[in-house]
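Numbering (the working numbering), first residue to last: 32 to 489.
Have a look at this one:
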């Protein structure tokens, strides 16, 4: 009987593996549709295509992938379309060619030299599977043992730990204002976690030998959660690279998943920035905060803000190259310190551009993109009391667009330029120069000119 059970289990596993979604031969297009979006949607209604940007809310463009058997028919429509990938499956294959993470052996030492074995920067040469990401953060913790800890905010629908790292400076744990970053709310946005890992790497490694970094870590308590949606991320690596939502089923529908960035319990009920349809990519759930992942992060945030001032929150996404400020639920709503935030974000964009010339657009989320309700920055600004609560949409932008497929060779450069911007923001807050932003440009920087890119779904 036991043998039959294991045989059936093996058969079911093989069946699941065999159902991996293939995008081989799919051709991806960016379609300009500012004046005739409804007509174009009608023309495409008979096509079997995959939406790359979950276009609900967009009125000026569509980003889709066409299967090989329909490419000729699609091109015959004569739409104003730019090819953004000749073979989506081939792009995914390059992106998914993981290199193993060689974990360093040894122990942390505190001596006159204060030697610490940090993970190697070669980590950022490739993407990694979920278990290796866990190992990377464990190694960061081991390298900074007296000033860091791994914590769990809660569990995902499938029972995975929603883990994070907390590190601090000389004042001790939990004694300073909080900086909280999280990533991978949307499963397919692979670049978000490595960028956050690079920020942690820079802050911890710099604490030893760079005064400018040491003062930042001494000034704040840092909390970083790289995978808010671990189930979805694992699913993108095992089954469907373009999966976005979590993996929670709902009664009464065969469609799986809720958009974690429409499920936060703040302005969730406002219409127009999410969907009540379970099959939608921006499905908001049946009630505010009813996904286990968002409930866990809400509880974590409540506990954090009971004892700490939340100075800065950033939710990392991709793609589009944006720095997005509150609010998303209403284009007329702005934060009370919006003028300060705009200047700080503009200067951050300027610092990012200094490294590789990458241009980021900045502004309030609703007016810069479109309405979005039940989002994390709105919650953090409107309910949790964060002084600054932003979404950062990482590379790529429209130039050289590959959507969610950012080549492995671009991981490190993406992270390096974002680090330059984050470092500027932290330093500006540290020297208490925020007040100077009220009347002029901080630290002598010129504001970054607005650069128009097309719009992702965040």
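Virtual Cβ for every residue (Gly too), placed ideally from N, Cα, C. As the structure is a computational prediction, the values presented were derived from the model and not from experiment.
Can you pull the DSSP bridge partners for residue i?
i: residue 195; result: 182
i: residue 280; result: 287
i: residue 113; result: 61
i: residue 81; result: 96
i: residue 394; result: 355
i: residue 343; result: 210 and 419
i: residue 252; result: 209
i: residue 311; result: According to DSSP, residue 311 bridges with nothing at all.
i: residue 164; result: Paired residue(s): none; residue 164 is not in a bridge.
i: residue 349; result: 425
i: residue 306; result: 314
Could you tell me how far apart the beta carbons of residue i and residue j are, in whole angstroms, since I believe they sit closer than 8 Å?
i: residue 405; j: residue 299; result: 4 Å
i: residue 251; j: residue 333; result: Between residue 333 and residue 251 the Cβ distance is about 19 Å, and since that is not below 8 Å, they are no contact.
i: residue 183; j: residue 194; result: 5 Å
i: residue 380; j: residue 372; result: At roughly 12 Å, the Cβ-Cβ gap does not stay under 8 Å, so residue 380 and residue 372 are not in contact.
i: residue 157; j: residue 427; result: Actually they are not in contact, since the Cβ atoms of residue 157 and residue 427 sit about 18 Å apart, beyond 8 Å.
i: residue 200; j: residue 120; result: Between residue 120 and residue 200 the Cβ distance is about 47 Å, and since that is not below 8 Å, they are no contact.
i: residue 305; j: residue 346; result: With 8 Å as the limit, residue 305 and residue 346 do not qualify as a contact, their Cβ atoms being about 16 Å apart.
i: residue 289; j: residue 266; result: About 14 Å separates the two Cβ atoms, so there is no contact after all.
For residue i, which residues in the same chain have their Cβ closer than 7 Å to its Cβ, ignoring the five residues on either side in sequence?
i: residue 398; result: 362
i: residue 80; result: 95, 96 and 97
i: residue 143; result: Low local confidence applies: a pLDDT of 40 at residue 143 is under 50, so the model's placement there is unreliable, and no value is given.
i: residue 64; result: 71, 91, 92 and 93
i: residue 145; result: Here residue 145 scores only 43 on pLDDT, less than 50, and its place in the model is too uncertain to base an answer on.
i: residue 262; result: 187, 188, 189, 191, 277 and 278
i: residue 113; result: 60 and 61
i: residue 111; result: 62 and 63
i: residue 138; result: For residue 138, the predicted model reports a pLDDT of 47, less than 50, meaning its position is unreliable; a value from the coordinates is still stated below. None.
i: residue 461; result: 246, 247 and 250
i: residue 482; result: Only weak support is given to the placement of residue 482: the predicted model assigns it a pLDDT of 38, under 50, and the value that follows is read from those uncertain coordinates. Excluding sequence neighbours, residue 482 sits near 390 and 392.
Out of the options, point me to the one whose CA is closest to residue i's CA.
i: residue 213; options: 246, 99 and 331; result: 331
i: residue 389; options: 413, 441 and 401; result: 441
i: residue 401; options: 91, 51, 54 and 71; result: 91
i: residue 59; options: 115, 318, 452 and 208; result: 115
i: residue 163; options: 428, 149, 129 and 285; result: 129
i: residue 284; options: 317, 256, 291 and 368; result: 317
i: residue 171; options: 159, 134, 185 and 205; result: 134
i: residue 52; options: 386, 270 and 181; result: 270
i: residue 450; options: 106, 179 and 382; result: 382
i: residue 154; options: 69, 220, 102 and 226; result: 226
i: residue 149; options: 131, 165, 132 and 173; result: 173
i: residue 414; options: 336, 102, 282 and 75; result: 336
i: residue 385; options: 364, 315, 445 and 314; result: 445
i: residue 329; options: 302, 294 and 355; result: 294
i: residue 454; options: 215, 111, 327 and 247; result: 247
i: residue 151; options: 452, 286, 462 and 443; result: 443
i: residue 256; options: 241, 73 and 216; result: 216
i: residue 220; options: 73, 387 and 272; result: 272
i: residue 107; options: 83, 117, 118 and 74; result: 74
Taking the Cβ atom as the reference point for each residue, do residue i and residue j lie within a distance shorter than 8 Å?
i: residue 187; j: residue 312; result: no
i: residue 424; j: residue 349; result: yes
i: residue 234; j: residue 253; result: yes
i: residue 447; j: residue 391; result: no
i: residue 208; j: residue 339; result: yes
i: residue 210; j: residue 437; result: no
i: residue 224; j: residue 258; result: yes
i: residue 403; j: residue 357; result: no
i: residue 218; j: residue 260; result: yes
i: residue 359; j: residue 322; result: no
i: residue 132; j: residue 109; result: no
i: residue 123; j: residue 54; result: yes
i: residue 185; j: residue 364; result: no
i: residue 307; j: residue 355; result: no
Kindly list the residues whose CB is nearer than 6 Å to the CB of residue i, restricted to its own chain and excluding five residues on each side of it in sequence; keep chain order.
i: residue 411; result: 344, 417 and 420
i: residue 168; result: 196
i: residue 237; result: 244
i: residue 99; result: 56
i: residue 296; result: 319 and 320
i: residue 281; result: 309
i: residue 102; result: 58
i: residue 125; result: none
Would you say residue i lies against chain B (beta-carbon separation less than 8 Å)?
i: residue 462; result: The structure shown contains no chain B, having only a single protein chain.
Here's a check: name, in chain order, each residue in its chain whose Cβ is nearer than 8 Å to the Cβ of residue i, leaving out the five neighbours to either side.
i: residue 202; result: 249
i: residue 206; result: 199 and 252
i: residue 38; result: The predicted model places residue 38 with a pLDDT of 39, which falls under 50 and marks its position as unreliable, so this point remains unresolved.
i: residue 268; result: 127, 160 and 161
Could you tell me if the beta carbon of residue i falls within a distance shorter than 7 Å of some heavy atom in the ligand ADP?
i: residue 59; result: Absence of the ligand ADP from the depicted structure is noted, as is the absence of any ligand whatsoever, leaving it without description.
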